[in-house]
Amino acid sequence: MPDLPHLLIDPFLFPFMQRALAATLIVGVLCAVVGAFVVWKGLSFVGDALAHASFAGVAIAFVAGQSIYLGAAVAAVATALSITFLSRTARISSDTAIGVLFAFAFSLGIVVISRVQNYTVDLFAYLFGNVLGVGVDDLVLISTAGGLVLLVIVLLYKELFFVAFDPVMAEASGLPVGLLQYLLLAMIGVTVVVAMRAIGIVLVVAMLVTPAATASLLTRRFHRIMLLGALLSALASILGLYLSFYANVASGGAIVLVSTTIFLLVLGFTSVQARLRPGAASSGAARTST
Amino acid sequence: MSGRAPDGAEDRKPVLATATEPAIVMQDVTAGYRDHPALEDVTLTVPTGAMMAIVGPNGGGKSTLLKLLLGLLAPWRGSVGVLGTEPAQARARIGYVPQTGSGDWSFPATVGEVVMMGRYRRLGWLRRPGRRDWSAVEEALDRVGMADRRNRQVGELSGGQQQRVFFARALVQEPELLLLDEPLAGVDALTERDIYALLRQLVDRGVTVLFTTHNLSTVAEQFDLVAFVNRRIVASGPPSEVFGEQTLRATYGPRMALVQVGDRYYAIDVGSHGETAGVGDA
Numbered sequence: 022m023p024d025l026p027h028l029l030i031d032p033f034l035f036p037f038m039q040r041a042l043a044a045t046l047i048v049g050v051l052c053a054v055v056g057a058f059v060v061w062k063g064l065s066f067v068g069d070a071l072a073h074a075s076f077a078g079v080a081i082a083f084v085a086g087q088s089i090y091l092g093a094a095v096a097a098v099a100t101a102l103s104i105t106f107l108s109r110t111a112r113i114s115s116d117t118a119i120g121v122l123f124a125f126a127f128s129l130g131i132v133v134i135s136r137v138q139n140y141t142v143d144l145f146a147y148l149f150g151n152v153l154g155v156g157v158d159d160l161v162l163i164s165t166a167g168g169l170v171l172l173v174i175v176l177l178y179k180e181l182f183f184v185a186f187d188p189v190m191a192e193a194s195g196l197p198v199g200l201l202q203y204l205l206l207a208m209i210g211v212t213v214v215v216a217m218r219a220i221g222i223v224l225v226v227a228m229l230v231t232p233a234a235t236a237s238l239l240t241r242r243f244h245r246i247m248l249l250g251a252l253l254s255a256l257a258s259i260l261g262l263y264l265s266f267y268a269n270v271a272s273g274g275a276i277v278l279v280s281t282t283i284f285l286l287v288l289g290f291t292s293v294q295a296r297l298r299p300g301a302a303s304s305g306a307a308r309t310s311t
Numbered sequence: 056m057s058g059r060a061p062d063g064a065e066d067r068k069p070v071l072a073t074a075t076e077p078a079i080v081m082q083d084v085t086a087g088y089r090d091h092p093a094l095e096d097v098t099l100t101v102p103t104g105a106m107m108a109i110v111g112p113n114g115g116g117k118s119t120l121l122k123l124l125l126g127l128l129a130p131w132r133g134s135v136g137v138l139g140t141e142p143a144q145a146r147a148r149i150g151y152v153p154q155t156g157s158g159d160w161s162f163p164a165t166v167g168e169v170v171m172m173g174r175y176r177r178l179g180w181l182r183r184p185g186r187r188d189w190s191a192v193e194e195a196l197d198r199v200g201m202a203d204r205r206n207r208q209v210g211e212l213s214g215g216q217q218q219r220v221f222f223a224r225a226l227v228q229e230p231e232l233l234l235l236d237e238p239l240a241g242v243d244a245l246t247e248r249d250i251y252a253l254l255r256q257l258v259d260r261g262v263t264v265l266f267t268t269h270n271l272s273t274v275a276e277q278f279d280l281v282a283f284v285n286r287r288i289v290a291s292g293p294p295s296e297v298f299g300e301q302t303l304r305a306t307y308g309p310r311m312a313l314v315q316v317g318d319r320y321y322a323i324d325v326g327s328h329g330e331t332a333g334v335g336d337a
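Protein chains in written order, with the numbering used here: chain V, 22 to 311; chain E, 56 to 337.
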């Protein structure tokens, strides 16, 4: 029986596993950082919707022989902008706008791929994720787009933070609040597309919400939620990848299962801690639902 | 009983513009939402360094007036000048204290972080707060009596403490014009007293203060100037000149009567017995 170091190192002797590791780490960190906004501004429904809407772009690009990523990104960002536009101008709530638009886009994707049945197996990789199939070109795209989103968040951190806390005051102080709100949604859209290959359209919302929610149980400083969430997310990605390799199960599902397990452990730990010291650490509950 | 200014107000001389340009000049301004006008034909001049109260009923256009001054709303007709320029251009020099409850108080942010938001425009894009900004935050928190709560979550604060945080945020901005939207609604008496003392210090340094309020009793005590607003400017000037039953009736309707108890004023709705309306004082 092989010893522990071999168990840990052996999987990554395969180039496809090295690429998978790089992809999951980038996706994990990106999802957790963007996820801090998703969790605290109640945007998980939007995140899920953008992921599903991107499927229309995937299907159309697939049929048209264009870049899948480009198609997905266009569909996700277009949906993000439409949601904001509709909820600002039409007299419907953003919730309703999301419900209408994401079902429309996902259906469009399903109708398009139903015309090309023999290819649907490949498209399953986008729906449920297959990080083991990530190629070098995928990796370049993932790291470029993901790096760009992270850079924007670092550079505009204080403005995004201000708008998240108090959009009315932010506008009164002269910040372009509408533009920053569009930008945040567009960044969630790009994140969803970046995570598509590794995690899968159906499961992306878990990576957006769970690590940031776990971090929110442990700290109440926004930037620390981002950093700790990124750390927890990376941990879940690596452990999930091992699980996927050794148990021969779908990578996206494995990573999400590990991430949820960590969340439940932390939740249990903080609940016990709060009960042992009543009055201290009381306000640890994060808003995880929309 | 009614229509008389309290003794204190007669001693205080109103601050008048001397050589300096007025802080606010509104001329024949009509503005509103969709097709419903909230303010009509408003002409108002606020001299630099004055402390003015904007008094009027709910829905009378007080908040609309502040939005116009912040450039968040464009007038349908007329012109709005703030600090010698257009409102949008003056924003970096305008401090704003919103009503209690503005903002997402469940959001993970500390007292210090929220006060620092007042420095953001001064810092500009891409720059991070430095040591001077943090010491400005420290000093502002000290002035509002919240120095020991810098690292507390804002969600844990009481209404009065939240308002002190907003006030500190306006202070670190080092504004030339300070706009306050009902800042005393739901605030305890101690906070109210502290806020008036701080405002007076700012005014003494030449800051112009514009303050919307329900609370008639404090107007005569605390302000140099008052404007009564109900869609139009009903009256404006020093409290001792404009305070009276006639003005009050024109602002709040014919059922209101002004009652003086000690040095405090109350607007009483004489139609429905015993109910005070338009008064925040109890």
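Ideal placement from N, C-alpha and C gives every residue a C-beta, glycine not left out.
What first and last residue would you give for the beta strand (DSSP E) that runs through residue i?
| i | result |
| --- | --- |
| R287(E) | R287 to G292 |
| T267(E) | T263 to T268 |
| G87(E) | I79 to Y88 |
| I163(V) | Note, I163(V): premise wrong, no beta strand (DSSP E); alpha helix (DSSP H) at V157 to L176. |
| L234(E) | L232 to D236 |
So, are the CB atoms of residue i and residue j less than 8 Å apart?
| i | j | result |
| --- | --- | --- |
| S164(V) | I89(V) | no |
| V279(V) | L249(V) | no |
| V155(V) | A255(V) | no |
| R205(E) | G167(E) | yes |
| G126(E) | R146(E) | yes |
| Q154(E) | D236(E) | yes |
| G215(E) | D197(E) | no |
| S272(V) | G78(V) | no |
| V227(E) | A252(E) | no |
| I81(V) | G63(V) | no |
To the nearest angstrom, how far is the alpha carbon of residue i from that of residue j?
| i | j | result |
| --- | --- | --- |
| V293(V) | V258(E) | 53 Å |
| V230(V) | I209(V) | 12 Å |
| G185(E) | V226(V) | 36 Å |
| T100(E) | L201(V) | 35 Å |
| E194(E) | A202(E) | 8 Å |
| E229(E) | R260(E) | 11 Å |
| G292(E) | I119(V) | 51 Å |
| A302(V) | R296(V) | Legend: pLDDT at A302(V) = 44, less than 50; position of this residue unreliable, value from coordinates given subsequently. The alpha-carbon atoms of A302(V) and R296(V) are separated by roughly 9 Å. |
| P112(E) | V281(E) | 14 Å |
| R287(E) | D96(E) | 6 Å |
| S65(V) | D116(V) | 11 Å |
| V152(E) | V161(V) | 47 Å |
Starting from residue i, trace the alpha helix (DSSP H) both ways and give me its first and last residue.
| i | result |
| --- | --- |
| R109(V) | I89 to T110 |
| L42(V) | P36 to W61 |
| D116(V) | S115 to S135 |
| R245(V) | F243 to A268 |
| V135(E) | Looking at the DSSP string, V135(E) is not in any alpha helix (DSSP H); the run it does join, the beta strand (DSSP E), is R132 to V137. |
| L123(E) | K117 to L125 |
| R219(E) | G214 to V227 |
| M171(E) | V166 to M171 |
Just verifying my parser: in three-state terms, what is the DSSP assignment at residue i?
| i | result |
| --- | --- |
| V84(V) | helix |
| M201(E) | coil |
| G241(E) | coil |
| L196(V) | coil |
| A92(E) | The sequence shown places Pro at residue 92(E), rather than the Ala named in the question. Of the three classes helix, strand and coil, the one that applies to P92(E) here is strand, per DSSP. |
| T103(E) | coil |
| Q154(E) | coil |
| D187(V) | coil |
| T273(E) | helix |
| T140(E) | strand |
| L359(E) | With chain E running from 56 to 337 in the structure shown, residue 359(E) is simply not present. |
| A235(V) | The sequence as given places Thr at residue 235(V); Ala does not occur at that position. The answer is helix: DSSP assigns T235(V) an H, G or I state. |
| G98(E) | The residue you asked about is not Gly; residue 98(E) is Thr in the sequence shown. Residue state, collapsed to three classes: strand. |
| I149(E) | strand |
Leaving out the 5 sequence neighbours to the left and right, which residues in its chain are closer than 6 Å to residue i when beta-carbon positions are compared?
| i | result |
| --- | --- |
| G68(V) | V59, I209, V226 and L229 |
| V70(E) | Annotation note: pLDDT 49 at V70(E) (below 50); position unreliable, coordinate value reported separately. For V70(E), where only same-chain residues beyond five positions count, the Cβ hits under 6 Å are G104, A105 and D279. |
| A166(V) | V211 and V215 |
| D159(V) | R218 |
| A164(E) | V209 |
| V98(V) | A207 and G210 |
Skipping 5 residues on each side, what residues in its chain have a beta carbon closer than 8 Å to that of residue i?
| i | result |
| --- | --- |
| A251(V) | G49, V50, A53, V54 and P232 |
| L172(V) | none |
| V137(V) | F83 and V84 |
Quick one: residues in its chain with C-beta nearer than 7 Å to the C-beta of residue i, no 5 flanking neighbours on either side, listed in chain order?
| i | result |
| --- | --- |
| F243(V) | A57 and F182 |
| Q256(E) | none |
| A72(V) | V213, I222, V225 and V226 |
| A143(E) | G126 |
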